Amino acid sequence: MACGNLLDLNDCSVEEWIGLINLANDIYVNPRDYIHRCDGRVLATLFYEPSTRTQMSFQAAMLRLGGQIIGFDNPVNSSVSKGETLMDTMQIVSNYADIMVIRHPQEGAARAASLYSTSPVINAGDGGHLHPTQTLTDLVTLSMTKGTLSGLHIGVCGDLKYGRTVHSLLKAMSRFPGNRFTFISTPELALPAYCKNLLNAAGCPFEEVPSIEDCIGDLELLYMTRIQAERFSSKEAYEKQRGVFILTEEKMKAARSNLAVLHPLPRVDEIEAAVDRDPRALYFTQAKLGMYGRMALILRMLEDDIVIHSERDYRLTENSCPNPHCITHLERKLPHNVCKGQDGEDICLYCETKY
Amino acid sequence: MACGNLLDLNDCSVEEWIGLINLANDIYVNPRDYIHRCDGRVLATLFYEPSTRTQMSFQAAMLRLGGQIIGFDNPVNSSVSKGETLMDTMQIVSNYADIMVIRHPQEGAARAASLYSTSPVINAGDGGHLHPTQTLTDLVTLSMTKGTLSGLHIGVCGDLKYGRTVHSLLKAMSRFPGNRFTFISTPELALPAYCKNLLNAAGCPFEEVPSIEDCIGDLELLYMTRIQAERFSSKEAYEKQRGVFILTEEKMKAARSNLAVLHPLPRVDEIEAAVDRDPRALYFTQAKLGMYGRMALILRMLEDDIVIHSERDYRLTENSCPNPHCITHLERKLPHNVCKGQDGEDICLYCETKY
Amino acid sequence: MACGNLLDLNDCSVEEWIGLINLANDIYVNPRDYIHRCDGRVLATLFYEPSTRTQMSFQAAMLRLGGQIIGFDNPVNSSVSKGETLMDTMQIVSNYADIMVIRHPQEGAARAASLYSTSPVINAGDGGHLHPTQTLTDLVTLSMTKGTLSGLHIGVCGDLKYGRTVHSLLKAMSRFPGNRFTFISTPELALPAYCKNLLNAAGCPFEEVPSIEDCIGDLELLYMTRIQAERFSSKEAYEKQRGVFILTEEKMKAARSNLAVLHPLPRVDEIEAAVDRDPRALYFTQAKLGMYGRMALILRMLEDDIVIHSERDYRLTENSCPNPHCITHLERKLPHNVCKGQDGEDICLYCETKY
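Written as structure tokens, this is what we have:
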């Protein structure tokens, strides 16, 4: 696998991101030039938890490149229900397909899968850990709709504590110059310290405010996410506070004309349906452009001219990963491998939790 | 959407029906001429309730035109289970696909879907409301096997009260000259008044008889449908009467040599298996020809040379639709829109129930 | 259907097997020559019980020949749940597809299906009865990795009583000269008498030993299968004995350098994961080559230059099949047909059980 896997967007360089974004843009503009580029190739979507939109986005991407698709969307229909391990499934199915897309509820599942696959693996979400093609979607959308990834004032609203798409977006946008952030959340769902450290290290200014109204007039991007009711301390706290984090037509009146509203979707209540008609509401455009980002990624990975340095040095350990959501606790035969984290500490190879 | 949607077959003119039937016939005779007509195009089948035959018929139709397919057949595997609305799903998935086929248990769901889709929508059945490609299938079959859609004596047997395919067939056949009808059912499951009014208005003679034997000798078409046990007043009434509405080899002896027996399928007990061998039993041929009808429809809708006038003037109302099976009662964020019915009364835009 | 169906591998001659194996090998070596051979053709996979690997193997096979796929993998999503019979489903779906692959939990289901299908049918497993493409996979793998199907010392380990893949493999390998067998199992799960009779009739020497260590040093092929815990007389017997039938790295040390280890997969515990790294472990290669075997089969069946004599003379009987797992007990409208067995006795046409 010269081209490696796409497990974590940070395994690619910023130059590779730009290459993917430019390719996505070219496919968007000239789709007919690409309709036979993956003729005779097969993509497998192995969805160990359902995610219709993500799966259909990958499927449509492959089909529009001339390739074909196999896969499953329901673990109870798979050999998993006969006790087959993820490792064996990967070793078998990677013989049928040229490229694999895996979605799994456990953290680290995509890296585990990649160790046993003979075809390149794309991580389409591994529990609360990573979802790199969502971040790629965000980058493609910003680049194609705003024309730049730099010098933006970015508001992020909702569950900033648990939202993996938020953490990935910050990490990605902090690598471009001149971006600054405003975070809108409750104290309980505020951005974790490690994200703040990351922004500080990157020299990105940020502030925290309690409501959308406090910042919307100055933002170029407002990234909305869902707050689940169960994240609040009580039902009363939820009912009292939820309105604060809902984007309404009324609040949009104070926003700049060049604001872009994004949302990773699915949306529940956090953006009023009336906002959909606002030309600054770009979340459905974002879903569309995500397909082009995935087309660019599949094409690059299959055509082998992208080298993603996803391999890591690791060693076996006797201890179990302390993260109860790690794939190693579900797939008991996976070796307990650790690698070195950023500060030289031992972290789980799969879910990157500190041992 | 220059070409509009196919929500109700009556949105097309009789000339457009004939065009579709002729195209279906040409595809049937010269299938190799059509195998690349939809190259690079994607059809999505969004089946909110399973209907394997209908879904496979659409899928095979698109694949035989060179197109590709995505979709789902099980709502619990879809983002719906995360609370995504039908409206959002349509806005997202219509970015991935060039044409959408929707099946839904609630009445009016297809029209609701079409309001939010950026690609044309085909109604593949919305609860007890409409199922226009079934009627198209019936028309294609009659035209290709009998050579005409006019001057026929048509018997319809089974549940005439609730059977939406029966109502659609009557509506369609009443638009061709010289057809007359004989209805075979129980008093409880007799044809509703609005259908009789429609036939009277169209000048189509009809009569009602209590058994198949009473009319089979004079029919050119016998359209069989299922009577569900639960439609009878009691289990005893069901057991006593069911045999009357079963087509047997014995009863076929009295039929004309040019009789065509159709059935929308699936069949349960209402046609004896022995009848399958009779050359006049055309229900499996009908299933086959339905695929060609759907090929013609997809092709016309994608190639944009059919204009279906499916848009209607409507306005928002404060009241809820009185039909408990209307999509508005499941999808609570849908605006309560009403339009004008045939007599100028307010009807629900989606399910067409009188307010 | 000039080409017939593939219901039982023994309906083909050894020459036809060799033809399929050679074709599979040619596709493996020159895949680009075959990518348009099934353009415009459709394969349906009707999986009445889930078997992800088998289904994906067939799907990838068809797609890599340029064909397309439809189908279902879950009976509750199919029209079956509305009471449609297998016979009706076959009569309908065979209009949509050029070739049908059926998997069903009941014995004899594939033959029943073939009687009602207008397209050729491939049996992808009918309960405990037959699974001919698994045996084809085994033959392709042996031929391509060992270069011969003759003169081999073959060990077979595991559940030899109930394992249908084992019985088929023996039947197939006994038709090539010079093969001899060693069986490794518990007395309770020993090879049934009819298999021993078959080997004796074919002049194949065989012996039975209690452990892998007793024979591994002399084998050219070790065919591993799973022993299900519930097959043992008690939980204690299982715990005491299971280790005996597990292939370990340690046991592999005594094996010949030209040993091939095969397994029909999925594997549970019967082969230690550490053995996977041994170059003699060919079970994942076997899964890969199975796809090429299926490509060869689909191509031959669609191109009509293979004539499989799958038709049998049969007559209707009044009695029910004595096998409770026979398809006739689930599909009550299937006629009770019997044909003549090898010794002239009446056997069920579908599941081949003696009446």
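Going down the list, the sequences are from chains A, B and C.
In this text, residue positions in the first sequence follow the numbering used here: the first is 19, and each later residue adds one.
In this text, residue positions in the second sequence follow the numbering used here: the first is 19, and each later residue adds one.
In this text, residue positions in the third sequence follow the numbering used here: the first is 19, and each later residue adds one.
No residue lacks a Cβ here, since even glycine has one placed at the ideal position from N, Cα and C.
Fair warning: this is a prediction, and the values are worked out from it, not measured in the lab.
Proximity winner among the options, relative to residue i (alpha-carbon distances)
i, options, result
"residue 161 of chain C", "C:133, C:239, C:183", "C:239"
"residue 234 of chain B", "B:187, B:185, B:128, B:265", "B:265"
"residue 293 of chain A", "A:313, A:284, A:268", "A:268"
"residue 201 of chain C", "C:179, C:40, C:221, C:373", "C:179"
"residue 311 of chain C", "C:68, C:69, C:171, C:83", "C:83"
"residue 52 of chain A", "A:251, A:29, A:81", "A:81"
"residue 315 of chain B", "B:37, B:31, B:185", "B:37"
"residue 67 of chain C", "C:142, C:218, C:329", "C:142"
"residue 218 of chain C", "C:208, C:203, C:193", "C:193"
"residue 109 of chain C", "C:62, C:85, C:75", "C:62"
"residue 317 of chain C", "C:228, C:148, C:116", "C:116"
"residue 298 of chain A", "A:283, A:284, A:273", "A:273"
"residue 71 of chain A", "A:329, A:166, A:225, A:302", "A:302"
"residue 29 of chain B", "B:103, B:326, B:284", "B:326"
"residue 173 of chain C", "C:224, C:152, C:215", "C:224"
"residue 69 of chain B", "B:107, B:330, B:144", "B:144"
"residue 164 of chain C", "C:282, C:319, C:300", "C:300"
"residue 168 of chain A", "A:313, A:270, A:191", "A:191"
Residue span of the beta strand (DSSP E) that contains residue i, given as start and end
i, result
"residue 279 of chain B", "278-280"
"residue 225 of chain A", "224-227"
"residue 143 of chain A", "139-144"
"residue 198 of chain A", "198-202"
"residue 86 of chain C", "86-90"
"residue 64 of chain B", "60-65"
First and last residue of the uninterrupted alpha helix (DSSP H) at residue i
i, result
"residue 106 of chain B", "104-111"
"residue 183 of chain B", "182-191"
"residue 45 of chain C", "32-47"
"residue 82 of chain A", "70-82"
"residue 269 of chain C", "267-270"
"residue 253 of chain B", "253-259"
"residue 245 of chain B", "It is not in any alpha helix (DSSP H) - residue 245 of chain B carries neither H nor E in the DSSP assignment."
"residue 156 of chain C", "150-164"
"residue 219 of chain A", "211-220"
7 Å CB neighbourhood of residue i in its chain, flanking five on each side removed
i, result
"residue 19 of chain B", "Here residue 19 of chain B scores only 34 on pLDDT, less than 50, and its place in the model should not be relied on; the value that follows carries that caveat. Within the same chain, residue 19 of chain B has close Cβ partners 138."
"residue 306 of chain C", "none"
"residue 112 of chain A", "118, 135, 136, 137"
"residue 213 of chain A", "185, 188"
"residue 130 of chain C", "104, 345, 349, 352, 368"
"residue 236 of chain C", "171"
"residue 283 of chain B", "71, 301, 305"
Proximal residues to residue i (C-beta, below 6 Å), its chain only, five neighbours per side dropped
i, result
"residue 77 of chain B", "87"
"residue 358 of chain A", "none"
"residue 170 of chain C", "197, 238, 239"
Spatial neighbours of residue i in its chain, beta-carbon cut-off 8 Å, leaving aside the 5 residues before and after
i, result
"residue 355 of chain C", "332, 333, 334, 335, 366, 367, 368"
"residue 207 of chain B", "176, 177, 178, 179, 180, 245, 249"
"residue 90 of chain B", "63, 64, 65, 96"
"residue 373 of chain C", "335, 337, 339, 340, 356, 363, 364, 365, 366"
"residue 146 of chain B", "125, 180, 182, 343"
Do the stretch 268-288 of chain A and the stretch 240-257 of chain A touch if we need at least three Cβ pairs shorter than 8 Å?
Counting C-beta pairs closer than 8 Å gives three or more between the stretch 268-288 of chain A and the stretch 240-257 of chain A, which meets the contact rule.
Does the stretch 253-261 of chain B come within contact of the stretch 36-47 of chain B, defined as at least 3 CB pairs closer than 8 Å?
no
So, do the stretch 52-59 of chain C and the stretch 118-134 of chain C have three or more beta carbon pairs nearer to each other than 8 Å?
As far as the Cβ criterion goes, the stretch 52-59 of chain C does not touch the stretch 118-134 of chain C, which means the pair count is below three.
Inter-stretch contact at 8 Å, needing at least 3 Cβ pairs: the stretch 22-29 of chain B / the stretch 122-141 of chain B:
Yes, the stretch 22-29 of chain B touches the stretch 122-141 of chain B.
Does the stretch 336-346 of chain B touch the stretch 362-369 of chain B, meaning 3 or more C-beta pairs lie closer than 8 Å?
yes
At 4 residues or longer, what runs of the alpha helix (DSSP H) sit wholly inside the stretch 277-328 of chain C?
301-321
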